[in-house]
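Asker: Take this structure first; my questions come after.
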């Protein structure tokens, strides 16, 4: 299946249909994503089989049979022997750390669902992710105006609230799963969409397993999102391109500041970026450099063990060559013992260490050992919520995976996730394929060795080729009174139908 | 004198002249700043007397006489008894911490000087501020293409390098001043423009004094620049509007991130902003809030002594009301004893403490005392170099003060600085007036008491009225391959004419 469109401007529905099988090209405009376009419901994809990397072939047969059986039951609920039955509602929720464009995926889901009124009833959003389902705290998205839904494309954060909450195994947390079924049944929900990273795909996969085990038919489709870019199978994860654009832009700007001051003042600037285990975001900082000698001069990747002596020698080398040194450091950089250089000791609800503060540590090291004046920055949330400098390519992809998720679901595909497949680097072309959740859940895709330079302090040309197209295009939000004009949805609660409370 | 233009599009030189006495209005386009406009040299302002706040009246008479005498000598060098003499060259340099739009002022200086070839010869830029003059390291700006000069308007950093270097008193550092005269004489420099904050205006003022004392005629005009917004007389300082836009935008975005996560994860987000003594930048964070309850919920201003008990009570109150708390803290916040909450102990060459790291400290306090999960950000250089989200209003003002400086100099005004005068809040209208350097140098304009809310944790409506227009308008730089396309000048050195070296 090819979900994309070329950047040709679509002038009619007929033309749109003709273009339906053309791929995305960077910088192009997604015709279907244009909220101003009035079109009849789009044709649902049928009979697709081009799963990448033979992923589907590796899925065990009973699992497929169960999935298909359940999917058919869901679809059969829609049309049975020519009689149109009440269509099932859908549940959509956002999970984990948010991105600048996760609402772009929400927009893709909601706009596409609205185009398929014969297949999907109302879309109920979970307030704060899966917690909304557990506590029967559902949001009726049907009352939102089309203009508000369209505005999600330019609004960061998570329009319905997110959460860090992992469902345990079905055996150990049966009550939770039974509760989910109870809520889904009460609200006639036949489609489950969960928008998040590895943990969220795990949740989606588990709910799919649950639907088999408890014989409640629900089509489960994960929607990829993570600024960390560490989801497997998909070529990149929506949210990452915008973070990459933000860090590269910010570092290029800060480096100009440093250059101006290094003669008499600060000589070293260190920027810390998020990315717990995978160095994608740190690597993206290297895009700031255009010519030999441009900043950043050193990357500290989580994939490369930190060696103080080699690092300080590298800093001295940069100072000697350029009279300055710009460093991008991952929050997750580790020593040779595998321990994070800086960990606050706190853990989040997933059991991950809460990190932050490596930049001051690195800075202290340099100023103590080399005696020069240093500055450091930790943008933290700023980098993953910077919708004002989002990548147009990233936004298109975020929208596309949201739309594809609905199309997959309508086609009865379950336990899958729309994934981005790269067709070419230059010009950048991509389309959407189907990835089985069994291969996505709980896996982290690290920076491959051939993306890391020989000395471990930079990236290779291969990495640059990979990263470069992901930041292309600007997708400025509208501004009002000098500030981005972000939408706030009404988020009207769906009346509860259950009397039993459920605590999380 | 009124230097501005209305936002009416200028279609001809005649129309431009007609508009010459109309004021700036926010969001308008500066016709004279359009590098594509071919116009004859603009009329130099004459016989102005509308100095604000009676500032000029307070200047002592002998000082004025000396200034006028020297200015006349400089101008006399240009035209004497109808015979056109070789025009004097100009020196321009950038000083102190840079901003997103200081190069906009450089553009104003250079484009205006190029329009006045009969009055100003070449413009030599100091490489790294006044150090370039001391070491005879001058840059010949005349070799730069018009397109490169125009591109300065969208390039952050300091195109010619900046410095932190304060000339001491003339009595104690006579050798430095004599050296300056030596370099100026060797390169036939009759105009001195220095673009910076309070320290830089002090340098400009001292060079003016020197020119009187050593009887070397040089017209000295300061050009205001500081992200801290702490220069007196001028209604605002170029550089501040863009920082204000950056911090308000970033905080609004990060707050959406926090809102998404606060149900199950982070509840407090603290962003540290620059601003050593004056709370303007911290105050600007408040612009992010549109409605009651919007972030930020607490400002920690350097003008208000930090009180741990009252602060924690305020955080608890926000958590209770909104289930989250967003804090903007100035790097310069002090305890009741007047000491900075966090100081690294290092001092820069001006003797200022090098700050940074208050946000982690505040965060530690909250997580220890209130036990909730917190995140913090320190954008540091990112905030003052973020040209990608610069304020169009700020950029217009940066350009206008650069242009006015040249116009002042041609009119023979010395020891002055172009200052921005606010004519009205709504619609925002402003013009440029002349401020005597004697009243600008070494003074810091703090947030006035009536701008700070009763409890000290916020700003008043008066502050909001003042701040709001300064961030209006977007002035996006051009992008290439997904990143801002910033210009790098050739910065060709002027051949040295002196044999003596001078060390700084």
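Chains as they are written, first to last, in our numbering: chain A, -8 to 495; chain B, -8 to 495.
By construction, the Cβ of each residue, glycine as well, lies at the ideal position given by its N, Cα and C atoms.
Do residue 423 of chain A and residue 402 of chain A have their C-beta atoms closer together than 8 Å?
Answerer: No, these two residues do not count as a Cβ contact at 8 Å.
Asker: In three-state terms, what does DSSP make of residue 414 of chain B?
Answerer: Reduced to three states, the DSSP call for residue 414 of chain B is strand.
Asker: Enumerate in chain order the residues of its own chain whose CB-to-CB distance from residue 64 of chain B is below 8 Å, with the five nearest sequence positions on each side excluded.
Answerer: Residue placement at residue 64 of chain B cannot be trusted, given a pLDDT of 47 that sits under 50; what the coordinates show is reported in the next sentence. Result list for residue 64 of chain B: 208, in chain order.
Asker: Between which residues of its own chain and residue 323 of chain A is the CB-CB distance below 7 Å, once the five residues before and five after are set aside?
Answerer: Only 266, 267, 268, 293, 331 and 346 meet the Cβ criterion.
Asker: Excluding the 5 residues preceding and the 5 following residue 316 of chain B in the sequence, name in chain order all residues of the same chain whose CB lies nearer than 6 Å to its CB.
Answerer: If we look at residue 316 of chain B and ignore the five residues flanking it on each side, its Cβ neighbours are 259, 288, 306, 309 and 310.
Asker: Expressed to the nearest angstrom, what Euclidean distance is found between the alpha-carbon atoms of residue 279 of chain A and residue 170 of chain A?
Answerer: Whole-angstrom Cα-Cα distance: 49 Å.
Asker: Quick check: the stretch 77 to 97 of chain B against the stretch 182 to 191 of chain B, are at least 3 beta-carbon pairs closer than 8 Å?
Answerer: The stretch 182 to 191 of chain B is in contact with the stretch 77 to 97 of chain B.
Asker: What are the complete alpha helix (DSSP H) segments, minimum 4 residues, inside the stretch 337 to 397 of chain A?
Answerer: Counting whole runs of 4 or more residues, the stretch 337 to 397 of chain A contains the alpha helix (DSSP H) stretches 349 to 361 and 372 to 376.
Asker: Under the rule that 16 or more other beta-carbon atoms within 10 Å means buried, what is residue 136 of chain B, buried or exposed?
Answerer: Residue 136 of chain B should be labelled exposed.
Asker: Can you name the residues that DSSP bridges to residue 85 of chain B?
Answerer: According to DSSP, residue 85 of chain B bridges with B/186.
Asker: For residue 242 of chain B and residue 416 of chain B, I'd like the C-alpha separation in whole angstroms.
Answerer: Those two C-alpha atoms are separated by around 24 Å.
Asker: Do the stretch 230 to 239 of chain B and the stretch 455 to 464 of chain B touch if we need at least three Cβ pairs shorter than 8 Å?
Answerer: A contact exists between the stretch 230 to 239 of chain B and the stretch 455 to 464 of chain B.
Asker: Name the one or two DSSP bridge partners that residue 80 of chain A has.
Answerer: According to DSSP, residue 80 of chain A bridges with A/180.
Asker: With 16 as the cutoff for other CB atoms within 10 Å, does residue 312 of chain B come out buried or exposed?
Answerer: Classification for residue 312 of chain B: exposed.
Asker: May I ask you to list the residues that DSSP assigns as paired with residue 484 of chain B?
Answerer: Paired residues: B/130.
Asker: Residues in the same chain with beta-carbon distance under 7 Å from residue 119 of chain A, minus the five sequence neighbours each way, listed in chain order, please.
Answerer: Excluding positions up to five away in sequence, the list reads 152, 153 and 154.
Asker: Return the first residue and the last residue of the beta strand (DSSP E) that residue 248 of chain B is part of.
Answerer: Where residue 248 of chain B is concerned, there is no enclosing beta strand (DSSP E), although the alpha helix (DSSP H) it sits in stretches over 231 to 252.
Asker: Do residue 148 of chain A and residue 390 of chain A have their CB atoms nearer than 8 Å?
Answerer: It is not a contact, given that the beta carbons lie outside the stated cut-off.
Asker: Can you tell me where the alpha helix (DSSP H) holding residue 100 of chain B begins and where it ends?
Answerer: It spans 93 to 105 - the alpha helix (DSSP H) in which residue 100 of chain B sits, taken as one unbroken run.
Asker: Would the beta-carbon of residue 302 of chain B fall within 8 Å of that of residue 326 of chain B?
Answerer: No.
Asker: May I have a chain-ordered list of the alpha helix (DSSP H) segments no shorter than 4 residues that lie completely inside the stretch 146 to 222 of chain B?
Answerer: If we require 4 residues or more, the alpha helix (DSSP H) runs fully inside the stretch 146 to 222 of chain B come out as 165 to 177 and 189 to 204.
Asker: My assumption, with CB atoms under 8 Å, is that residue 496 of chain A sits in contact with residue 248 of chain B. Please give the rounded CB distance.
Answerer: The structure shown does not extend to residue 496 of chain A, since chain A spans only -8 to 495, so no value can be given for it.
Asker: For the stretch 241 to 255 of chain A, enumerate the residues whose C-beta is nearer than 9 Å to any C-beta of chain B, in chain order.
Answerer: Flagged, chain order: 241, 242, 243, 244, 245, 246, 247, 248, 249, 250, 251, 252, 253, 254 and 255.
Asker: Given 8 Å as the limit, is there contact between the stretch 403 to 414 of chain B and the stretch 426 to 440 of chain B, that is, 3 or more CB pairs closer than that?
Answerer: The stretch 403 to 414 of chain B vs the stretch 426 to 440 of chain B: in contact.
Asker: Exposed or buried, which one is residue 492 of chain B when buried takes at least 16 other CB atoms within 10 Å?
Answerer: Residue 492 of chain B is exposed by the Cβ-count criterion.
Asker: List the residues of chain A that residue 371 of chain B touches, going by C-beta distances under 7 Å, in chain order.
Answerer: By Cβ distance, chain A contributes 366, 367 and 368.
Asker: Distance cutoff 8 Å, beta carbons only. Does residue 474 of chain B sit that close to anything in chain A?
Answerer: At least one chain A Cβ lies under 8 Å of residue 474 of chain B.
Asker: If you measure from the beta carbon of residue 96 of chain B to each beta carbon in chain A, is any gap under 8 Å?
Answerer: Cβ-Cβ to chain A under 8 Å: no for residue 96 of chain B.
Asker: Could you tell me which chain B residues have their CB closer than 9 Å to the CB of residue 477 of chain A, listed as they occur along the chain?
Answerer: Going along chain B in sequence order, the residues near residue 477 of chain A (Cβ under 9 Å) are 243, 244 and 247.
Asker: Of the residues that make up the stretch 119 to 150 of chain A, which ones have a beta carbon closer than 9 Å to any beta carbon in chain B?
Answerer: Within the stretch 119 to 150 of chain A, the qualifying residues are 119, 120, 122, 146, 147, 148, 149 and 150.
Asker: Counting only the same chain and skipping the five closest in sequence on each side, list residues whose C-beta sits under 7 Å from that of residue 139 of chain B.
Answerer: Around residue 139 of chain B: 478 and 480.
Asker: Residue 455 of chain B lies in the alpha helix (DSSP H); which residues open and close that run?
Answerer: Looking at the DSSP string, the run of the alpha helix (DSSP H) that includes residue 455 of chain B is 452 to 458.
Asker: Check the C-beta distance from residue 511 of chain B over to residue 196 of chain B and give it rounded, since I have them as a contact under 8 Å.
Answerer: The shown model of chain B, from -8 to 495, leaves out residue 511 of chain B, and the question about it has no answer.
Asker: Which same chain residues, not among the five before or five after residue 483 of chain A, have their C-beta less than 7 Å away from its C-beta?
Answerer: For residue 483 of chain A, where only same-chain residues beyond five positions count, the Cβ hits under 7 Å are 130, 131 and 134.
Asker: Among B/353, B/281 and B/126, which residue has its Cα nearest to the Cα of residue 475 of chain A?
Answerer: Checking every option, the nearest Cα to that of residue 475 of chain A belongs to B/281.
Asker: Alpha carbon to alpha carbon, how far is residue 397 of chain B from residue 126 of chain B?
Answerer: Distance between the alpha carbons of residue 397 of chain B and residue 126 of chain B is about 24 Å.
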